[in-house]
Amino acid sequence: MTGKRRKLAAHLCLLIFICASAMLGQHATTPCSSCAEWNTPQTPFRIFGNSYYVGTHALSSVLITSPSGHVLIDGDLPESAAQIAANIKSLGLRLEDVKLIVNSHVHFDHAGGIAELQRRSGARVVASPWSAEVLKKGGVARDDPQSGTIRGIIPVKNVSTFRDGASFHVGTTTITAHLTAGHTPGGTSWTWKSCDANVCHDMVYADSLNPVSAPGFKFSDSRAYPQALQDFRKSFAFFDATPCDILITAHPEFSELLDRFAARERGAKPDPMVDSAACRRYAASGREKLRQRLADEAKP
Ligand SMILES: [Zn+2]
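Per the numbering used here, the sequence shown starts with residue 1020, numbered consecutively.
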């Protein structure tokens, strides 16, 4: 290749790289120093009844099974999709039987794997109106508190939306959506019942309540997301009130989920996975984090 041609080829490569990055969404190439650790493999396990943990060691993904179709909550990182698929298979279940995929919030560490899991399962994807827009476009929304600092998500096809409080039926499972915004403007938590013999528990998959943001963003005064505080307060009130026997958080560490499972495996009684005060404690810790954050924002 001549020098001129080599230069032209280099420019073309750069252009293709920029276009591919733009198509994948804003900040698709932002480095993620925690991703490898977040993606540490985790042996799947039964949480209770027909609810299984199929996520990675640091990012939750939950499968709710029924004889005529399953529901999957969260797809974790793009690189987690293969692991979630393998976890489902190792439980003797089929990814192709997942009929519905939902999410907690559309950051790359919870919704990054959804495109691939949808492609492999053919499942329907539903999301809150704000989250659906992000899923369809990919990237990171401009009014996201972390816009500009995190990786974007891979776009997802055929996403439909729901209203707060909507329920979905898949086989014998009924799962209900609750808007619990604040961490993002479209955050959603999910409730359903799981039963084992004649014992039934209220299950809660809780979205993040962390007031984290890009530098310069203020939850107390954001033109991009003016209702942030109002949303957080509504979310705390939801967790104070919702029936909650088993809490699963989008990051398992925020509800000590894997520690509780390990304690159960050691034979601890009563079952450490069951704790009807867990959602109220989760609300209280969210309130405290927001209080600290607002105190920081008020400093001159
Ligand atoms: Zn997030």
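Backbone N, C-alpha and C fix where the C-beta goes; we use that ideal spot for every residue, glycine too. Bear in mind that the values here come from a model prediction, so they are computed numbers and not experimental data.
Check, Outcome
"If you measure from each CB to the nearest heavy atom of ligand 1 and keep those under 6 Å, what residues do you get, in chain order?", "H1124, H1126, H1202, S1227"
"Apart from the five residues on each side of it in sequence, which residues of its chain come closer than 6 Å, Cβ to Cβ, to V1073?", "P1063, S1080, L1082, I1103, N1106, I1107"
"Taking contact to mean at least 3 C-beta pairs separated by less than 8 Å, is the segment 1268-1281 in contact with the segment 1296-1308?", "yes"
"With 16 as the cutoff for other CB atoms within 10 Å, does P1262 come out buried or exposed?", "exposed"
"Whole alpha helix (DSSP H) runs in the segment 1247-1286 with 4 or more residues, listed along the chain?", "1247-1260, 1276-1284"
"Let me know the secondary structure DSSP gives R1139 once reduced to three states.", "helix"
"Tell me the DSSP secondary structure of A1134 in three-state form.", "helix"
"Answer yes if the segment 1219-1236 comes into contact with the segment 1137-1148, meaning at least three C-beta pairs across the two stretches below 8 Å, and no otherwise.", "no"
"So Y1224 is in the beta strand (DSSP E); what residue range does that whole segment cover?", "1218-1225"
"May I have the straight-line CA-CA distance separating L1154 from R1310, to the nearest angstrom?", "31 Å"
"Thinking just about the alpha-carbon of each residue, which of V1178, A1317, S1087, F1273 is nearest to the one in T1191?", "S1087"
"Determine the contact status of G1094 and G1132, defining contact as a CB-CB distance below 8 Å.", "yes"
"According to the neighbour-count rule (16 or more other Cβ atoms, all chains shown, within 10 Å of its Cβ), is M1042 buried or exposed?", "Legend: pLDDT at M1042 = 38, less than 50; position of this residue unreliable, no value from coordinates given."
"Look up I1169 in the DSSP assignment and say whether it is helix, strand or coil.", "coil"
"Here's the rule I'm using: 16 or more other beta-carbon atoms within 10 Å means buried, otherwise exposed. How should H1202 be labelled?", "buried"
"Starting from R1065, follow the alpha helix (DSSP H) in both directions and report where the run begins and ends.", "Unbroken run through R1065 is the beta strand (DSSP E), 1064-1067; no alpha helix (DSSP H)."
"Are S1227 and L1313 close, meaning C-beta to C-beta below 8 Å?", "no"
"Quick check: the Cα distance between A1134 and L1096, rounded to an integer number of angstroms?", "10 Å"
"So for D1290, helix, strand or coil by DSSP?", "coil"
"Would the segment 1117-1132 count as touching the segment 1163-1175 if we require 3 or more Cβ pairs under 8 Å?", "yes"
"What does DSSP give as the partner residues of K1156 in its beta bridges?", "BP columns for K1156 are empty, so no partner."
"If you check the beta carbons only, do G1305 and F1255 fall under 8 Å apart?", "yes"
"Is the beta carbon of Q1165 sitting closer than 8 Å to the one on S1232?", "yes"
"For N1217, count neighbouring Cβ atoms within 10 angstroms of its own Cβ and tell me buried if that reaches 16, exposed if not.", "exposed"
"Whose CA, out of N1122, L1078, A1077, lies closest to the CA of T1210?", "N1122"
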